[in-house]
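Participant:
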Amino acid sequence: MGQDKADRIFADIINRAQTVVARVPKEKDIRLQSLIEGAGFSLSHRHQSPRGCTVQAYHRH
Numbered sequence: 063m064g065q066d067k068a069d070r071i072f073a074d075i076i077n078r079a080q081t082v083v084a085r086v087p088k089e090k091d092i093r094l095q096s097l098i099e100g101a102g103f104s105l106s107h108r109h110q111s112p113r114g115c116t117v118q119a120y121h122r123h
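In my numbering, the protein residues as written are 63 to 123.
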């Protein structure tokens, strides 16, 4: 499966949700955040683990 198809499947899934919680290995990698925000979500909470992963919660606005 190519990246474009994976992105379309992910977008289809999040378009059915009101809240999305995402674990982002590298916060500087904004591809995942861009897909979520592009689907109409805004960041509502962020938590960084001691090991460097970031968990972000998004709500549809």
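In this text, a Cβ means the ideal position worked out from N, Cα and C, and glycines have one as well. Because the structure is a prediction, the values reported are computed rather than measured.
By how many angstroms is the C-alpha of Asp-69 removed from the C-alpha of Leu-131?
Facilitator: Lying before the first or after the last residue shown, residue 131 is absent from the chain, which here runs from 63 to 123.
Participant: Output needed for Leu-94: all residues of its chain with C-beta closer than 8 Å, excluding positions within five of it in sequence on either side, in chain order.
Facilitator: Numbered from its first residue, the sequence shown carries residue 94 at position 32. For Leu-94, where only same-chain residues beyond five positions count, the Cβ hits under 8 Å are Ala-84, Val-86.
Participant: So His-109 and Val-117 are supposed to be a Cβ contact under 8 Å. How far apart are they, rounded?
Facilitator: Taking the sequence shown and counting its residues from 1, one reaches residue 109 at position 47. Taking the sequence shown and counting its residues from 1, one reaches residue 117 at position 55. With 8 Å as the limit, His-109 and Val-117 qualify as a contact, their Cβ atoms being about 5 Å apart.
Participant: Using a Cβ-Cβ cut-off of 6 Å (strictly less than) and excluding sequence neighbours within five positions of Ser-106, which residues of its own chain qualify?
Facilitator: Translated into the one-based positions of the sequence shown, residue 106 becomes position 44. Around Ser-106: Ala-119, His-121.
Participant: Can you tell me whether Gln-80 is helix, strand or coil according to DSSP?
Facilitator: Counted from its first residue, the sequence shown places residue 80 at position 18. Gln-80 falls in the coil class under three-state DSSP.
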